[in-house]
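Counting along the sequence shown from 1, when you hit position 10 you're at 13 in this note's numbering, and nothing is skipped either side. In this text, a Cβ means the ideal position worked out from N, Cα and C, and glycines have one as well.
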Amino acid sequence: MTLRDATPADLAAIMAIEDRSFPTDAWSSETMAAELASPHGRYLVDEHDGAIIGYGGVRALQGSADADIQTIALLAEHRGQGRGRALLHRLLAVAAERGAREVFLEVRADNPVAEGLYRAEGFEEIGRRPRYYQPDDVDAIVMRLELRRHPASGHTAEEAKA
């Protein structure tokens with residue numbers, strides 16, 4: 004598995020995955036390009052045999068107490084191999100490096116696999132946004148993780164208990 008920082012040259016490959024993964028509510032190329040260029044975010048791509056097969060992003064302002072997982076997506080044929088978890092771990096580490104203490108995300112209520120991953124990694128549901136995902140009228144489950152309690156944050160077990 005090869006994870007590396009995304010670059011503007013990766014936009015077309017990222018958008019191909021975005022469009023396949025989120026057919027009704029994919030981000031536009033302009034929005035994704037702005038995310039890739041933002042100094043407040045960091046996007047990673049997952050490469051396999053020289054091709055980009057997944058990506059993920061986190062918005063974490065340097066020195067801010069919180070961060071947001073913006074998105075994680077993999078081509079369907081590469082799911083279930085731990086790649087999404089690896090992307091999540093790396094994004095959590097980026098958030099920790101930037102000083103975040105909490106990480107938030109929204110996940111579609113009709114995506115139990117993603118929700119299960121986030122729960123397994125220690126995220127807790129803190130609310131719902133009714134009909135957040137349009138045009139599908141699907142609720143967003145809002146989740147939060149105390150970063151110091153997660154191994155990817157780089158904190159020791161003793162620090163996590165404090």
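- Taken through DSSP and simplified to helix, strand or coil, L78 comes out as coil.
- DSSP places G102 in the coil class of the three-state scheme, outside both helix and strand.
- Here the alpha carbon of Y135 sits roughly 33 Å from the alpha carbon of M4.
- Three or more Cβ pairs closer than 8 Å define a contact, and the stretch 107-125 meets that threshold against the stretch 137-153.
- Cα atoms of L95 and A155: separation of roughly 6 Å, rounded to the nearest angstrom.
- Per DSSP, reduced to three states, the secondary structure at A37 is helical.
- A straight line joining the alpha-carbon of P26 with that of I75 spans about 15 Å.
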